[in-house]
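Numbering (the numbering used here), first residue to last: 144 to 383.
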């Protein structure tokens, strides 16, 4: 098994040799130090992956020979709405959500979410996208999640959403495990609050929008623990 994966905007459509250039070539040649004869994976971030052999590593580009194309197929498209947490926690969750096959991450502005000054938004968004790219390379996945700009919870709820709709609620008497065993959907929307959880008014808004509050058990979990537990269960039962 090869230990490296790189991004390419467009995978070749035929079996002819092609080139890797720019930032990904620099990573291959200067950071990963891949040599001719080694095999690497490439992805377009849209579900397609390609195994290729390195033929030549030049100063400005790498010549590759395609070997095998693979289409990553996830049975359930997962959209994660996440209340803005502390910066390090949100970064961590972007990374892990990418590894677990989430298709879209929507940051949410809630009553208890961490404030994000408008002048810092663009840099934060770029950072989240970079974290997701590196996570996808590390886990050798094919689907790069779309990361939205933060939206107020009410605005996010007004967007059309098909499939199953849940929010994590430690006070709920309905349990995540029961849904996973008895249901399956091609699309799932999962909302998770920030540190401090949801305000009661927000729960009422989500209920009216057709979301079900679900509990992961009797323990009070940290935000990152709860989100990872829920995503891992979805991946295990519905995707892997």
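Note that the Cβ used here is the ideal one computed from N, Cα and C, for glycine as well. All values derive from a computational prediction rather than experimental measurement.
Excluding sequence positions up to five before and after residue 357, its CB lies within less than 7 Å of the CB of 309, 311, 312, 315, 317, 318, 319, 322, all in the same chain and listed in chain order.
Taken in chain order, the unbroken stretches of beta strand (DSSP E) that lie wholly in the stretch 272-352 and span 3 residues or more are 307-311, 330-335. According to the DSSP secondary-structure assignment, residue 206 is paired through a beta bridge with 162, 199. Shown here, residue 247 sits in a strand according to DSSP, grouped into three states. For residue 233, the uninterrupted alpha helix (DSSP H) run begins and ends at 230-242, by DSSP. When DSSP states are grouped into helix, strand and coil, residue 174 belongs to the helix group. Pairwise C-beta distances place the stretch 190-201 out of contact with the stretch 299-307, as fewer than three of them are shorter than 8 Å. Nearest neighbour of residue 297 by Cα position, chosen from 269, 221, 226, 280, turns out to be 226. Residue 228 and residue 160 do not touch by the CB rule: their CB atoms are close to 45 Å apart, not below 8 Å.
About 6 Å separates the CB atoms of residue 186 and residue 150; that is less than 8 Å, so the two are in contact. For residue 376, the closest alpha carbon among the candidates 162, 219, 152, 202 is that of 219. The three-state secondary structure of residue 368, taken from DSSP, is helix. In this structure the stretch 161-174 does not touch the stretch 210-217; the number of beta carbon pairs closer than 8 Å is below three.
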